[in-house]
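The opening position of the sequence shown corresponds to residue 1 in my numbering, with each subsequent residue numbered one higher.
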Amino acid sequence: MTYLSKLFAGALLAASCLTSAVAQASEGAAVARADEDTFMLLREASRQGDAAKATAYASRLPNHEFAPYVEYYRLKPQLRTASSTEVLGFLTRHNGSAIAERMRIDWLLELGRARDWNNFDQQLPLLLSNDDLQLKCYALMSRMAKGENVAADARELLIQPPAYGDACAALIAGLAQSGQFSADDLLLQLRLAGEMDATGPSRRTALLLGASDTRAARAVDVPALAMARGVGDTRADKAIYLVALSRMARTSHKLAIVALERNAPKLDSTELAIGWAGIAHAASLALDPDAYTYWQKAAAAPLTNEQFQWKTRIALRRLDWKTVADTINAMPPHLRSDPAWAYWLARAMQAAGNGARNPEALALYQRIADRNHFYGQLALEELGKQISIPPAPPPLAAAELAAIEGNQGLQRALRFFSLRLRAEGAREWNWELRKFSERELLAAAEFARRHDILDRMVQTSERTRTMFDYTQRFPAPHYDILHPTTQDLGLDKAWVYGLIRQESRFILDARSSVGASGLMQVMPGTGDYVARKIGLGDYVKGKLTDLRTNIVLGANYMNMVLQGAGGSQPVATAAYNAGPGRPRRWRANLSEPMEGAIFAESIPFTETRIYVKNVMANATNYAALFDNKPQSLKARLGNVMPPGKAGDTLP
Numbered sequence: 001m002t003y004l005s006k007l008f009a010g011a012l013l014a015a016s017c018l019t020s021a022v023a024q025a026s027e028g029a030a031v032a033r034a035d036e037d038t039f040m041l042l043r044e045a046s047r048q049g050d051a052a053k054a055t056a057y058a059s060r061l062p063n064h065e066f067a068p069y070v071e072y073y074r075l076k077p078q079l080r081t082a083s084s085t086e087v088l089g090f091l092t093r094h095n096g097s098a099i100a101e102r103m104r105i106d107w108l109l110e111l112g113r114a115r116d117w118n119n120f121d122q123q124l125p126l127l128l129s130n131d132d133l134q135l136k137c138y139a140l141m142s143r144m145a146k147g148e149n150v151a152a153d154a155r156e157l158l159i160q161p162p163a164y165g166d167a168c169a170a171l172i173a174g175l176a177q178s179g180q181f182s183a184d185d186l187l188l189q190l191r192l193a194g195e196m197d198a199t200g201p202s203r204r205t206a207l208l209l210g211a212s213d214t215r216a217a218r219a220v221d222v223p224a225l226a227m228a229r230g231v232g233d234t235r236a237d238k239a240i241y242l243v244a245l246s247r248m249a250r251t252s253h254k255l256a257i258v259a260l261e262r263n264a265p266k267l268d269s270t271e272l273a274i275g276w277a278g279i280a281h282a283a284s285l286a287l288d289p290d291a292y293t294y295w296q297k298a299a300a301a302p303l304t305n306e307q308f309q310w311k312t313r314i315a316l317r318r319l320d321w322k323t324v325a326d327t328i329n330a331m332p333p334h335l336r337s338d339p340a341w342a343y344w345l346a347r348a349m350q351a352a353g354n355g356a357r358n359p360e361a362l363a364l365y366q367r368i369a370d371r372n373h374f375y376g377q378l379a380l381e382e383l384g385k386q387i388s389i390p391p392a393p394p395p396l397a398a399a400e401l402a403a404i405e406g407n408q409g410l411q412r413a414l415r416f417f418s419l420r421l422r423a424e425g426a427r428e429w430n431w432e433l434r435k436f437s438e439r440e441l442l443a444a445a446e447f448a449r450r451h452d453i454l455d456r457m458v459q460t461s462e463r464t465r466t467m468f469d470y471t472q473r474f475p476a477p478h479y480d481i482l483h484p485t486t487q488d489l490g491l492d493k494a495w496v497y498g499l500i501r502q503e504s505r506f507i508l509d510a511r512s513s514v515g516a517s518g519l520m521q522v523m524p525g526t527g528d529y530v531a532r533k534i535g536l537g538d539y540v541k542g543k544l545t546d547l548r549t550n551i552v553l554g555a556n557y558m559n560m561v562l563q564g565a566g567g568s569q570p571v572a573t574a575a576y577n578a579g580p581g582r583p584r585r586w587r588a589n590l591s592e593p594m595e596g597a598i599f600a601e602s603i604p605f606t607e608t609r610i611y612v613k614n615v616m617a618n619a620t621n622y623a624a625l626f627d628n629k630p631q632s633l634k635a636r637l638g639n640v641m642p643p644g645k646a647g648d649t650l651p
């Protein structure tokens, strides 16, 4: 064979080998994609409780990379009929893993449903997490089955009727039947259910009181119809009427007042005060100026947690520091210790005398000033300091980073994130974090940064208590796009980053349940409106998750709502979250300037109230990072002006 022939033959062989390798790689990729699809189908079948489908899909994944999850998803729909041996076998094989913890929670819920207290009591102490309300209710039921009196613990636990589910409903029924819960306890549950729009718990509680569950449901859902039936004669009937009254007050507290005053002779003093508390609460949510008067009429009422807080907020808006202090001091201990109420109690103490030198006020400020949140920052300023960036810890060594890089749990979390299975990824990630030292937490946060999972970086770095890396806690990605945009608009980039951190935690493809998309969580309708206003002619709704488009639309919308808010960042932040119309109405109730912190605390929507506080605290930290000097949250909050007095323009 000639040299050229040999060369040609070699080239053919190499090409053949390359073609074969490409074919094998392509075939392998196709198999991997098929396995991913089957895994997703298995997961969904398990979530739907379809045991037959879950078993069929699991059989097609004998050696899957997530074998413990394949086994979990197969077994989960069968827990009701599975033997203890089978479940214990799973827990033993995967002992110490995140998925074993999840299985133990699921099994405990099933054991509680079946009232298998023997197995329940054996498994509960092995659980490392303790934040499931249903399990807590079952745990109290188990203790009650052994003859313990659990009423005090139950009263502390049972404060959120919409979250009760079967477990807590059964607990309440058991407490009532055993005599551990009195009629007063059940009447409070009825009030809570009405206050929180929980029709099911309202029905069940009414039956335990010997009242009409239909009327109780109407009191929540169709209050005018329930009120038309009159007050009634029994305590339960009167309680149902008062629930309907408080629900009616959400629509028209004037009509509710007429009804209450007409029926006042049929109510005792406590019932009458409860009626006024319901009206005062409804008026507070509307920021009606008369709410203050209604709370005074409700002075003798036993208040719910929400009512305690709204009575305090309305007193704050009136700068009635005595009522602020009295109401906070009357709150249950767990509520009174919340940083918000610790801060406002300290402010009330200062207002009462001795100014900043009041030792009790100083102690309260010092208790929360080391926490880098809204009220921690405000407390720090009351102590004469400003918000600054703490010194960075010593740099991470290569060995520290390598150890984290080799962590199998974090690697597994990365793989889940790549498949857009965020719940599984977060479960694996958080499971590993629980055993990390502060240096390891910083290394894990850096690991997340290097793999561009910035929400995990932020969440992980925030766990440290003595070492602080604020470049991890407050990252500023995509600066090359965001900075020119904010600069052109004259927009404070610290505020923009503070909002992004709260909106999406820097998840580029984030999508909310209501359709908000991308880094700045822009709604499709808002995107279309802003695009037309700024002349973005090539904009289409499908581009909302495009990074540059999302930032341009989001930043321009921030600028529009800022102009509509007269330059007030807290008002504009509320408008970005709740729409510009609502903050406009909230400001319409102002007759004079209001301290920004009080405005933020008295925002009627819980989500928006929390959102505004977090964004403003974030922005203050970003400003300290960008400007490299201490900042004032109080100055950033400023005073919120009545409409027409701050150069408002409609967005």
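The C-beta atom is built at its ideal place from N, Cα and C for all residues, glycine as well. Since this is a predicted model, take the numbers as computed values, not measurements.
Check: So, is Val540 buried or exposed, given that buried needs 16 or more other C-beta atoms within 10 angstroms?; Outcome: exposed
Check: By the three-class DSSP mapping on this structure, what secondary structure does Ile387 have?; Outcome: strand
Check: When burial is assigned at 16 or more other CB atoms within 10 Å of the CB, is Val220 buried or exposed?; Outcome: buried
Check: Candidates Asn550, Val150 and Leu75: which alpha carbon is nearest Ala176's?; Outcome: Val150
Check: If the criterion is Cβ atoms closer than 7 Å, does the pair Glu440 and Leu410 meet it?; Outcome: no
Check: May I have the straight-line CA-CA distance separating Pro570 from Thr251, to the nearest angstrom?; Outcome: 27 Å
Check: Would you mind stating whether Ala244 and Trp276 have Cβ atoms separated by less than 7 Å?; Outcome: no
Check: On the three-pair Cβ rule with 8 Å, is the region 104 to 118 touching the region 67 to 83?; Outcome: yes
Check: Rounded to the nearest angstrom, what separates Phe181 and Gly376 at their Cα positions?; Outcome: 39 Å
Check: Helix, strand or coil for Arg313, going by three-state DSSP, please let me know.; Outcome: helix
Check: Use the C-beta contact count for Leu189: other C-beta atoms within 10 angstroms, 16 or more gives buried, fewer gives exposed.; Outcome: Note that residue 189 corresponds to Gln in the displayed sequence, not to Leu. Burial call: buried.
Check: Flag this pair as yes or no: are the beta carbons of His530 and Tyr557 separated by less than 7 Å?; Outcome: Here the sequence assigns Val to residue 530, which means His is not the residue at that position. Yes, they are a contact pair.
Check: Rounded to whole angstroms, how far is the Cβ of Ala58 from the Cβ of Arg33, which I believe are closer than 8 Å?; Outcome: Wrong, their Cβ atoms sit about 18 Å apart, outside the cutoff.
Check: In this structure, how does DSSP classify Glu432 when only helix, strand and coil are distinguished?; Outcome: helix
Check: Could you please give the first and the last residue of the uninterrupted alpha helix (DSSP H) stretch that includes Lys613?; Outcome: Thr606 to Asp627
Check: Going by alpha carbons, who is nearest to Leu128 out of Gly96, Gly425 and Glu261?; Outcome: Gly96
Check: Quick one: Cα of Lys238 to Cα of Ala193, how far?; Outcome: 15 Å
Check: Between the alpha carbons of Arg317 and Leu225, how many angstroms are there, rounded?; Outcome: 34 Å
Check: Whole angstroms is fine: what's the gap from Glu462's alpha carbon to Arg456's?; Outcome: 10 Å
Check: Pick out the complete alpha helix (DSSP H) segments inside the region 113 to 168, 4 residues or longer, and give them in chain order.; Outcome: 117 to 123, 133 to 145 and 151 to 157
Check: Taking the beta carbon of Ala21 as the centre, do at least 16 other beta carbons fall within 10 Å, making it buried, or is it exposed?; Outcome: A caution first: Ala21 carries a pLDDT of 47, below 50, which makes its placement in the model too unreliable to give a value.
Check: Output the distance between the C-alpha atoms of Ala259 and Ser202, rounded to the nearest integer angstrom.; Outcome: 22 Å
Check: Suppose you measure from the CA of Phe474 to the CA of Ala623; what does that come to, to the nearest Å?; Outcome: 10 Å
Check: Quick check: the Cα distance between Ala476 and Asp509, rounded to an integer number of angstroms?; Outcome: 17 Å
Check: Have a look at the DSSP bridge pairing and note the partners of Val640.; Outcome: Met594
Check: Would you say Tyr294 and Ala283 are within 7 Å of each other, going by their C-beta atoms?; Outcome: yes
Check: Let me know the secondary structure DSSP gives Val522 once reduced to three states.; Outcome: strand
Check: Which of the three DSSP states, helix, strand or coil, is assigned to Gln180?; Outcome: coil
Check: Report the start-end ranges of each beta strand (DSSP E) in the region 30 to 102 that is 3 residues or longer and not cut off at the edges.; Outcome: none
Check: For Gly638 and Gly537, I'd like the C-alpha separation in whole angstroms.; Outcome: 37 Å
Check: For His334, is the classification buried or exposed, using 16 other Cβ atoms within 10 angstroms of its Cβ as the cut-off for buried?; Outcome: exposed
Check: Distance check for Ala30 and Leu4, CA to CA, integer angstroms please.; Outcome: Because Leu4 carries a pLDDT of 47, less than 50, the predicted location of this residue cannot be relied on, and no value is offered for it.
Check: Could you tell me the alpha carbon to alpha carbon distance between Ala25 and Arg60, rounded to whole angstroms?; Outcome: Any reading at Ala25 must be qualified, since the residue scores a pLDDT of 48, below 50, and its modelled position is unreliable; the value itself is stated next. Their backbone Cα atoms lie some 21 Å apart in a straight line.
Check: Which residues in the same chain as His64 place their Cβ atom closer than 7 Å to its Cβ, once the five residues preceding and following it in sequence are excluded?; Outcome: Asp35, Phe39 and Val70
Check: Measure the C-alpha to C-alpha separation of Pro289 and Ala100 and round it to an integer number of angstroms.; Outcome: 54 Å
Check: My output table needs one value for Arg420: the three-state DSSP class, helix, strand or coil.; Outcome: coil
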